[in-house]
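Peer 1: The numbering of the sequence shown is my numbering, which starts it at 301 and goes up by one. Don't be surprised by glycine CBs; every beta carbon is placed ideally from N, CA and C. Computed from a prediction, not measured in an experiment: that's the story for all the values here. The structure's right below; bear with me while I get my questions together.
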Amino acid sequence: RAELGNTRAGAVVVSRAVADDLKRGLISNDPYQTYAELSVLFDMKGIPFAGCVHVTAVIDSSAVIADNVSIGPGAVIGPDTLVGAGSVIGPNVTVYPKTHIGCDCLIGASTVIGYDGFGFAKSECGWIKIRQLGGVVIGDDVEIGAGCTIDRGALDDTVIGDGVKLDNQVHVAHGCYIGARTAIAGYVALAGGTVIGSDVTVGGMTGFTGHLSVCDKVHIGANALVTQSITVPGSYLGGSGGVMKAKDWRKNAVRFRQLDVIVRRLNTLEKHLDTEKSKDL
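The following block contains the structure:
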């Protein structure tokens, strides 16, 4: 704030609280949201293959490609697939059969959608592959980063709701469900059957052990391991021992740093008690 009066910027997006410190500024109730909306005006790179299908893309004759779809070089669009209007399929993306992608989606380079989920049954002779019979359904206005993997369902479809945002290198296993407007940071992995509600945010490198659910409006911090369902909205943190309410985790983190001191005090107390007992004898 101290530097606002000396800035040489043509304009600055600020809240009303600091508007008086500026000569030229855009006043917003939510400066960060306004910045996001304005950023499109300065995005000069655009989409290099906008509104066209690159000559090296491979598209099955049964695929349905809507109007104004962009498909990048080396992309493969398999049979029985659908890509909604205005969507962008990046370079080297692979879309396997029985995948439906909604309108105005952005699929980053080298992402794989609809490959088989990880399902095998153990037998005396080895592993028997469980055929993955479901598909993938992706809603409208979804952005999936580069290098993500979205598996097809074993029986039911894997579903990604409207407005979901996935960072680079996110893995969504078979039969998962991600609710509308949920945002998931990079290196997150969802094991099979995980159900994530709407308006959820997940920090990077978090894992879900599968066949559990997370209710709407939950935030899970980075590097957590979710091993059981979360049924109450709020902020959660954790590690390999599972997640808990953020305030409880912070308290425990402080106590953990004091663990050696606490053990030493406990040992001293036990020795003192043993000494007192010996005197009584």
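#1: Taking the DSSP output, what are the residues bridged to L382?
#2: Quick check on DSSP: helix, strand or coil for S339?
#3: DSSP state of D560, grouped into three classes?
#4: What does the alpha-carbon distance come out to for the pair V587 and G325?
#5: Relative to the C-alpha of G475, which candidate in R481, R452 and V500 has its C-alpha closest?
#6: Comparing C-alpha positions only, which one of D404, G372, T494 and Y487 sits nearest to D457?
#7: Near L304, what residues of its chain come up, given a Cβ to Cβ distance below 6 angstroms and the 5 sequence neighbours on each side ignored?
#8: Under 9 angstroms, do C403 and A421 count as touching if we go by C-beta distance?
#9: Quick check on this structure: which residue in V393, I389 and G414 has the alpha carbon closest to the alpha carbon of L406?
#10: Per DSSP, V313 forms a beta bridge with which residues?
#11: Using 8 angstroms for Cβ pairs, my map puts G417 next to A454. What's the rounded Cβ distance?
#12: Does the beta-carbon of G539 have 16 or more other beta-carbons within 10 angstroms, so that it is buried, or is it exposed?
#13: Which first and last residues belong to the beta strand (DSSP E) in which G534 is found?
#14: In the structure shown, what three-state DSSP assignment does T449 receive?
#15: What's the C-alpha gap between W549 and Y536?
#16: Considering only C-alpha positions, which residue in the set I413, L341, V340 and M344 is nearest to V376?
Peer 2: For this structure:
#1: V364 and H400.
#2: helix
#3: helix
#4: It is not possible to answer for residue 587, since the shown part of the chain is limited to 301 through 581.
#5: R452
#6: T494
#7: D321 and L322
#8: no
#9: I389
#10: L326
#11: 6 angstroms
#12: exposed
#13: G534 to G539
#14: DSSP, read as helix, strand or coil, puts T449 in strand.
#15: 8 angstroms
#16: I413
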